[in-house]
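Notes follow the structure.
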Amino acid sequence: MTDLEKVFIGLTVLFVIVTCRSSDNNKRDICIKATDNCPNEHIKLYLYTNKTKDNPVELTEDSIKDIEFAMTMDLKVLIHGIKGSRDDDFNTVIRDAYFSQAEYNIITIDYYAIASSLKCYTVALQNLPIIAKCITQFLVAILDTYEQFEYVHAIGFSLGGQAAGLVGKLLKEKGKLLNRITGLDPAIPHFELFWNQLDQQSATIVDIIHTNCGVLGQMMPIGTVDFYANGGITQPGCDRTSADKYNKYWYFCSHERAYKFYAESIYHGMGMSGFYATTSSTLNQLSLLGQFSSFSGAKVLVGEYLDPGTEGIYNFLTNDSPPYAKGKYRFTSYIMRWLS
30 MTDLEKVFIG LTVLFVIVTC RSSDNNKRDI CIKATDNCPN EHIKLYLYTN
80 KTKDNPVELT EDSIKDIEFA MTMDLKVLIH GIKGSRDDDF NTVIRDAYFS
130 QAEYNIITID YYAIASSLKC YTVALQNLPI IAKCITQFLV AILDTYEQFE
180 YVHAIGFSLG GQAAGLVGKL LKEKGKLLNR ITGLDPAIPH FELFWNQLDQ
230 QSATIVDIIH TNCGVLGQMM PIGTVDFYAN GGITQPGCDR TSADKYNKYW
280 YFCSHERAYK FYAESIYHGM GMSGFYATTS STLNQLSLLG QFSSFSGAKV
330 LVGEYLDPGT EGIYNFLTND SPPYAKGKYR FTSYIMRWLS
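Per our numbering, the very first residue in the sequence shown carries number 30; after that it's consecutive.
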């Protein structure tokens with residue numbers, strides 16, 4: 030099956046999933062339209078630190094004033110996608126990676142109740158403004174109360190990437206700033222072209238990792254820097270014969286690789302064993318069929334330890350199973366695979 034056929038099949042399946050409506054009123058009631066008020070019973074924020082990672086603190090208007098944050102100037106904000114929750118795979122693998130390395134303050138957003146299934150995707154889109162509004166309100170309160178945070182970094186997967194983009198713009202209206210947004214295969218359905226909430230205006234640095242272009246994730250470059258993994262459409266190990274045992278659909282498998290790559294980048298640090306991308310000077314060198322033209326260029330680090338000055342369009346290759354990173358040099362890749 031060619032990459033073009035995969036894109037067509039994926040788009041067809043996604044269209045059916047998103048647009049189908051059940052005649053069963055009980056099932057239809059599962060999709061909740063949130064009220065336009067903050068705080069909101071359906072939108073929860075939890076603070077995780079190295080001390081409270083197994084028993085996080087729920088943020089409320091009252092608790093914000095008395096919270097014991099870890100002594101670090103960084104604040105990480107994790108925003109899941111459709112069907113996600115505070116303890117989904119996206120959140121747990123990234124939190125575990127951070128806490129294994131250093132002290133962190135991580136705020137995890139949980140809006141599962143109003144984005145509980147793909148069937149509710151259209152309703153979840155309607156809820157996106159109130160989700161972003163409530164996140165923004167809490168962040169403003171935190172930044173006004175605590176002076177320690179000099180670097181605020183939002184990390185959003187799929188629909189969460191679009192939510193992060195909107196949060197960044199709302200914070201600007203409040204005189205605040207997101208220093209960085211990392212969009213992990215930001216959602217494309219209903220966000221095509223000019224409908225994106227996540228773009229270069231959302232934060233000082235907006236880095237995007239594309240893994241399922243044109244099906245579940247954004248196709249075109251939208252950040253200050255865009256990284257296309259293995260061409261950006263389908264990922265090694267996600268074909269029909271070798272897809273993740275927990276995920277039999279290649280497009281879901283490829284979509285989720287974005288946060289798995291990012292989590293792994295945290296473990297690699299700034300060493301030569303991490304993900305390294307090669308620059309593509311123009312968009313013309315990106316083929317939408319999943320391959321890049323041959324070109325040369327400097328190798329730059331992808332993921333958590335991105336050089337803040339990196340801009341442009343890049344391609345990077347990965348292995349089909351963990352460790353996914355190939356490293357900066359072929360010898361490094363061989364050693365990592367042998368050790369695993």
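Just so it is clear, CB atoms sit at the ideal spot from N, CA and C, and this is done for glycine as well.
Only a predicted model underlies this, so the values are computations on that prediction, with no experimental measurement involved.
Please report the residue range of the beta strand (DSSP E) in which Tyr343 lies. Gly341 to Phe345
Going by alpha carbons, who is nearest to Glu285 out of Asp65, Glu179, His109 and Tyr296? His109
Per DSSP, what kind of secondary structure is Leu154 in: helix, strand or coil? helix
State buried or exposed for Thr64, treating a residue as buried only when at least 16 other CB atoms are found within 10 Å of its CB. exposed
What number of angstroms, rounded off, separates the C-alpha of Tyr140 from the C-alpha of Glu221? 23 Å
Have a look at Ser231 and Val106 and give me their C-alpha separation to the nearest angstrom. 14 Å
Chain-order list of residues whose beta-carbon lies under 8 Å from that of Ile93 (same chain, five-residue window excluded): Phe167, Ala170, Ile171 and Thr174
Terminal residues of the continuous beta strand (DSSP E) containing Ala258? Val254 to Ala258
Look at Gly261 and Asn208 and say whether their C-beta atoms are less than 9 Å apart. no
Determine which residues share a DSSP beta bridge with Thr308 and list them. Tyr343
May I have the straight-line CA-CA distance separating Asp103 from Asp349, to the nearest angstrom? 32 Å
DSSP puts Glu87 in a beta bridge; with which residues? Tyr75
Going by the DSSP bridge assignment, what does Arg124 pair with across the sheet? Answer is none; Arg124 lacks a bridge partner.
In chain order, what residues of the same chain have a beta carbon less than 8 Å from the beta carbon of Asp157, not counting five sequence neighbours either side? At residue 157 the sequence reads Leu, which differs from the Asp that was named. So the list reads Leu188, Gln191, Ala192, Leu195 and Gln226, once near-sequence residues are dropped.
Same chain only: Cβ atoms within 6 Å of Gln177, ignoring 5 sequence neighbours per side: Met102
Where does the unbroken beta strand (DSSP E) through His239 begin, and where does it stop? Ile234 to His239
Quick one, which of Ile238, Thr240 and Met248 has its alpha-carbon nearest His219's? Met248
In the DSSP assignment, find the beta strand (DSSP E) that holds Ala183 and state where it starts and stops. Tyr180 to Phe186
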